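Taking it in order: structure first as structure tokens, then the write-up.
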Amino acid sequence: MNTVLETSGLTKRYGRTDALRGCDLLLAGGKVTGLVGPNGAGKTTLLQIAVGLHRPTAGRIRVLGLDPWREGVALLSRVGFVAQDRPLHPGFTVAETLEIGRRLNPRWDHAYALARVKHFGLPLDRPVRSLSTGQRAQVALTLALGKRPEVLLLDEPVANLDPVARLELLEELMGVVAEDGPSVILSSNVLADVERVCEHVVILIDGRVRISGDADELVRSHVLVSGPRRSGKDPADGEVIEVRHADRQTTLLLRGHAAPSEDGTEVRPATLEEIVVGYLRSEREEVPQ
Amino acid sequence: MIWLTLREHRAQLIAMSVTAALLAIGLAVMGSYAAALRSALGVDTCVPLPNTNSNCVDLSVEWTRRIGPAPFLIAALFLAPALAASFVGGPLFGAAFERGTHRLALTQAVSRSRWGATQIGVVLAITLMSALVIAQFGWAAAALGGVPGPKDAFNTFDVGGPPVVAYALFGIAVGGLVGALSRRALTGMFVGLLLFAGARAVAAFELRPNYQPPLVAYERTDWFANGPPIYPPGAWVLHARDVDGQGRPIDFKELDRLMQGFGPSAMAGGPTNPGDYLTNLGVRKQVIYQPAERYAEFQWIEFGLFTGLAAGCALLTIVLIRRRDA
């Protein structure tokens, strides 16, 4: 298995705040991995450490076997990155923006970048500030893809996009990956999107990896069990992730399996969104006030 | 990387170069005109009429009237490095950090050192060219200020020669450093400007008078005598004051008190001239000055000081960019 990203005990402290606390992760290549978790869980920090923008406080990280902080130049010729909010120089034209990539990357594929821009109908001579948010996202993505990277890291790539632009970008991304493209690691708060495109899901909570696993496997292994209200009774074989009581009904998120029973218990597969939210809420309830 | 730097700061760099060029042209034209007019009118060769110098004053007034607002160019020359500090230095890194575009540059296949060094190096190089141009016009500032020839050269210390170049470089570097530290363009502009002005003031008022130990000359305290000064022409006078026999400065009140003894003393057969009376008491006029021939040396010392500060700020900025989370 080729590993694209590997961390052990990765910790990042900003002043008194721990953004990452002992994060252990192993991500294989050739996949789209979704990094999910609440705001402040450490998604952006993890990605920024992975491209050498931030320096870990403790622990170890390797991307494509390289240390991002020490071997940044070697790594960054092979890694594409789009930061949160897709920073671009507003006064640069699209052509000038691509020129940055051409001049600063040894493996830059200018023909490919131009073809992409043309495909999306982005006018080369227009300044970036006059483009729509969706168009800017495409320019930023092209700048990252033009390197012909082995890994593409995207921090909230679809944030602030309208539903159409979001869908287009995600489909585009899947297309790129399908044609023997880079492995992709993206962070997102939109769980439906993650479910649509990601084969692997990492749930980050409070600076730690809560779950890292195959998306299908994750969905297959979790069920929602709902039935008449009761308390504390073990419903079936498996680990109860979260219990929610409504007036007359109790709903459990269960890692494992359950069968419907005569007393009105229903069992249905959980969506990725329900699973992630379940983990998030369970974690929050465990935190002593 | 050089291309990116030039493109990224294109507007500021063009504005700075154009401003420098216009200033240079204005100074060249108006400086020559002012100098030619001054000698045509004969302002400096004027011989006062008996009992009055109003004929010479009239010439001087006429000269001032005819050159119009041109002396404001001196102020422009004085402010130019400060403007560069603020408008070019402040946003140099501040704007990139503020917009997040540093993340764009730093995630291409370039090292942090290369990014930081090229950004500041290219901007300093362009600044150097502009500054070298306007540093040639100290003579024009002198002409516009009515300072003829090498006499009173120290008056135009801040607006001509090597220091102008060093001020400009320092301005850019300190603005760049503050912008990189604060990650805000506006903070870089304002705080950078304050630090620039502060450093200039400390250098001008505290350090420059002592680049070499000043010389001291004494003369008779005499309110009515109007002889030639005892210090050489063109000197930069730091202090001219009365001192008592022990060399302590004395003010007018003290002098007044001493003079109250003059009448009785004269009646008793003492000196009948106040100057002689005070001289007998040990009172002298003390002049502390820097002679004109040190001008060039002082200019190079100031150049060294500010170039050193500029280099220090630039290095600190690069270290900061290398070490800090981006």
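Respectively, the protein sequence lines represent chains F and X.
Mapped onto this note's numbering, the consecutive letters of the first sequence carry residue numbers 44 to 332.
Mapped onto this note's numbering, the consecutive letters of the second sequence carry residue numbers 1041 to 1366.
Just so you know, even glycine gets a beta-carbon here, dropped at the ideal spot from N, CA and C.
Computed from a predicted model, the values in this text were never measured in an experiment.
Between M217 (chain F) and V240 (chain F), the C-beta spacing is below 7 Å. Taking the Cα positions, L1356 (chain X) is about 10 Å away from R1363 (chain X).
CA-to-CA, the gap between E242 (chain F) and R251 (chain F) works out to about 20 Å.
For G1219 (chain X), the closest C-alpha among the options X:E1138, X:P1331 and X:L1247 is that of X:E1138.
When the Cα atoms are used, Q1339 (chain X) and A1175 (chain X) turn out to be separated by approximately 12 Å.
Distance from the CA of L1044 (chain X) to the CA of L1132 (chain X), rounded to the nearest whole angstrom, comes to 13 Å.
Under the 7 Å criterion on CB atoms, L96 (chain F) is classed as interfacial with respect to chain X.
Taking the beta carbon of E139 (chain F) as reference, the chain X residues within 7 Å of it are R1047, listed in sequence order. The alpha carbon of V125 (chain F) has as its nearest neighbour, out of X:A1145, X:V1128 and X:V1101, the alpha carbon of X:A1145.
Look at D1282 (chain X): its C-beta is not under 7 Å from any C-beta on chain F.
Legend: CB atoms of the stretch 1136 to 1152 of chain X lying less than 7 Å from CB atoms of chain F belong to residues R1139, G1140, T1141, R1143, L1144, L1146, T1147, Q1148, A1149, V1150 and S1151. Note on E199 (chain F): 16 or more other CB atoms within 10 angstroms of its CB, so buried under the neighbour-count rule. The beta-carbon of S230 (chain F) is placed no less than 7 Å from the nearest beta-carbon of chain X. Between W1155 (chain X) and chain F, the shortest Cβ-Cβ separation is not below 7 Å. Taking C-beta atoms as the reference points, V283 (chain F) and L297 (chain F) count as a pair closer than 7 Å.
A check of alpha carbon separations from P130 (chain F) across X:G1130, X:H1142, X:V1097 and X:V1128 identifies X:H1142 as the nearest.
If you draw a straight line from the Cα of E214 (chain F) to the Cα of R172 (chain F), it is about 25 Å long.
For A1366 (chain X), the C-beta contacts it makes with chain F under 9 Å involve Q91, G95, L96 and H97, in order along the chain.
Rounded to the nearest angstrom, the Cβ distance from P192 (chain F) to V122 (chain F) is 5 Å, consistent with a contact under 8 Å. Residue nearest to L1119 (chain X) within the set X:L1063, X:M1169 and X:P1109 is X:L1063 (criterion: CA-CA distance). Per DSSP, reduced to three states, the secondary structure at D223 (chain F) is coil, with no helix or strand assignment.
V1323 (chain X) is positioned such that its CB atom lies closer than 7 Å to that of D1284 (chain X). Looking from the CA of P1272 (chain X), the closest CA among X:T1227, X:I1328, X:A1308 and X:A1225 belongs to X:I1328. Contact between the stretch 92 to 99 of chain F and the stretch 54 to 63 of chain F is present, with at least three C-beta pairs closer than 8 Å. Note on the stretch 51 to 128 of chain F: whole alpha helix (DSSP H) runs with a minimum of 4 residues are 86 to 93 and 115 to 119, in chain order. A Cβ-Cβ distance of about 4 Å is found for the pair G1228 (chain X) and G1134 (chain X), placing them in contact under the 8 Å criterion. Checking the DSSP bridge columns, you'll see A1280 (chain X) partnered with X:V1327. Relative to E1048 (chain X), the option among F:D223, F:D205, F:P271 and F:I143 whose CA is nearest is F:I143. Contact residues of the stretch 105 to 133 of chain F toward chain X are G115, V116, L119, S120, F124, A126, D128, P130, L131 and H132 (C-beta to C-beta distance below 7 Å). L147 (chain F) has a beta carbon lying within less than 7 Å of a beta carbon in chain X.
Within its own chain, the residues whose Cβ lies closer than 7 Å to the Cβ of I1341 (chain X), once the five positions on either side in sequence are excluded, are Y1251, listed in chain order. Residues of chain F with a Cβ closer than 8 Å to the Cβ of W1340 (chain X) do not exist, since the nearest Cβ in that chain sits about 39 Å away.
Interface criterion met: the Cβ of L1044 (chain X) is under 7 Å from a Cβ in chain F.
Counting only runs of 3 or more residues that sit fully inside the stretch 135 to 219 of chain F, the beta strand (DSSP E) segments are 194 to 198, in chain order. Around D168 (chain F), the same chain offers T136, V137 and A138 as residues with beta carbons nearer than 8 Å, after the five sequence neighbours per side are excluded. Here M1169 (chain X) is exposed. Its C-beta has fewer than 16 other C-beta atoms within 10 Å.
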